[in-house]
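Trainee:
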Amino acid sequence: PWTLSGDSTFVISINLALESGTTYYVSVRATDWMNNISGTATSNGITLDTSNPVVTVPNEGGVGVDYDFQNSLSDIIISWTGSDGTRELLSYEYAIGTTPGGMETLSWTDNGTLTSVTVTGLSLAEGTTYFASVRALDMAGNVSEIATGDGITPDLTAPITGVVVDGLQEDLVFTGTQDSLSAHWFGFSDNLSGISHYEFALGISPGDSSIAAWENVGQDTFYVKSVALSDAQAYYVSVRATDMVENVSN
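Those letters in the sequence shown? Residues 22 to 271, per the numbering used here, in order.
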């Protein structure tokens with residue numbers, strides 16, 4: 022109902038039973054000393070918002086995809102999604118730490134309304150896991166719960182090179198076939214991200230790939246290559262391992 026406010030040009034109403042998500046309008050009219058009443062002026066409305074925004078668990082290492090390892094010591098890509106119902110968000114903030122939810126590496130940083138960021142200029146340590154956290158703020162000052170990723174670890178070290186053996190069992194010095202060559206290998210390892218795949222090549226000197234170019238053979242530790250061989254020619258099989266972040270063994 023209409024409420025007198027004297028000649029004050031502002032008013033604070035208390036003990037109202039307002040509902041979140043509802044828009045409320047304030048109307049004002051004036052009465053002079055002769056009881057003449059003005060027309061009604063109405064505000065453009067204010068919406069009560071007591072609901073906190075929400076954010077998803079952030080992806081670390083990519084936009085829309087989460088990685089556990091990366092081969093950079095200076096950058097981390099973070100991406101996420103968020104919402105505040107039908108209302109606009111004011112901004113997102115992100116932080117990076119060496120503990121879940123921590124800020125040991127980077128304190129809370131504003132990212133506007135963007136839902137991804139490439140954080141540059143960091144000094145990361147290989148083998149240390151870093152955790153990205155994000156939170157959202159809405160126009161009413163509500164803050165979401167903090168969402169933290171599962172962590173990402175820098176890996177810049179190539180896999181350890183193993184041993185290649187000519188043939189599928191014992192080490193062969195000669196072969197009686199002229200249309201294929203086989204080999205198996207062992208001892209390759211990677212202490213951080215792990216081995217993604219092996220590659221096989223064939224040449225006439227160690228490391229040469231002139232007879233058969235480098236070929237991805239997955240995680241198999243043996244291979245039979247169909248190839249035309251020349252009599253009395255020495256051939257060399259080379260194998261290299263690539264880890265999950267594209268570091269390649271020597």
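Each residue gets a CB set at the ideal place from its N, CA and C atoms; glycine is no exception.
(1) With DSSP collapsed to three states, give me the class of L223.
(2) Would W23 be called buried (16 or more neighbouring beta carbons within 10 Å of its own) or exposed?
(3) Residue range of the beta strand (DSSP E) that G118 falls in?
(4) What is the residue span of the beta strand (DSSP E) that R156 lies within?
(5) Do you know offhand how far E104's Cα is from G60's?
(6) In angstroms with no decimal places, state the Cα-to-Cα distance between V266 and Q240.
(7) Mind checking A249: buried by the 16 CB within 10 Å criterion, or exposed?
(8) Which whole-angstrom value describes the C-beta separation of S247 and D200, a residue pair presumed to lie in contact below a C-beta threshold of 8 Å?
(9) Got a sec, what are the start and stop residues for the beta strand (DSSP E) D264 sits in?
(10) With which residues is F207 paired in a DSSP beta bridge?
(11) How about A179: is its Cβ closer than 8 Å to a heavy atom in the ligand MG?
(12) Pick helix, strand or coil for V164, following the three-state DSSP scheme.
(13) Would you list the residues sitting across from I97 in a DSSP beta bridge?
(14) Buried or exposed for S154, please, with buried defined as at least 16 other CB atoms from any protein chain shown within 10 angstroms of its CB.
(15) Are the CB atoms of A161 and T71 nearer to each other than 9 Å?
(16) DSSP three-state call for W235: helix, strand or coil?
(17) Run through DSSP, which three-state label would F195 get?
(18) Starting from L127, trace the beta strand (DSSP E) both ways and give me its first and last residue.
(19) Just to confirm, are A222 and E236 a CB contact at a threshold of 9 Å?
(20) Determine whether the beta carbon atoms of W101 and A168 lie at a separation below 9 Å.
(21) State the DSSP-derived secondary structure class of L69, mapped to helix, strand or coil.
(22) If you run the structure through DSSP and keep just helix, strand and coil, what is A179?
(23) Roughly how many angstroms separate the alpha carbons of N271 and R261, rounded to a whole number?
(24) Output needed for L193: all residues of its chain with C-beta closer than 6 Å, excluding positions within five of it in sequence on either side, in chain order.
(25) Distance check for T150 and S214, CA to CA, integer angstroms please.
Mentor: Looking at the atomic coordinates:
(1) strand
(2) exposed
(3) 110 to 118
(4) 152 to 159
(5) The sequence shown places Ser at residue 104, not Glu. If you take the alpha carbons of S104 and G60, they lie about 40 Å apart.
(6) 15 Å
(7) exposed
(8) 6 Å
(9) 257 to 264
(10) V184
(11) Of ligands this structure carries none, so the ligand MG is not represented either.
(12) strand
(13) V140
(14) buried
(15) yes
(16) strand
(17) coil
(18) 127 to 131
(19) yes
(20) yes
(21) coil
(22) coil
(23) 7 Å
(24) D187
(25) 12 Å
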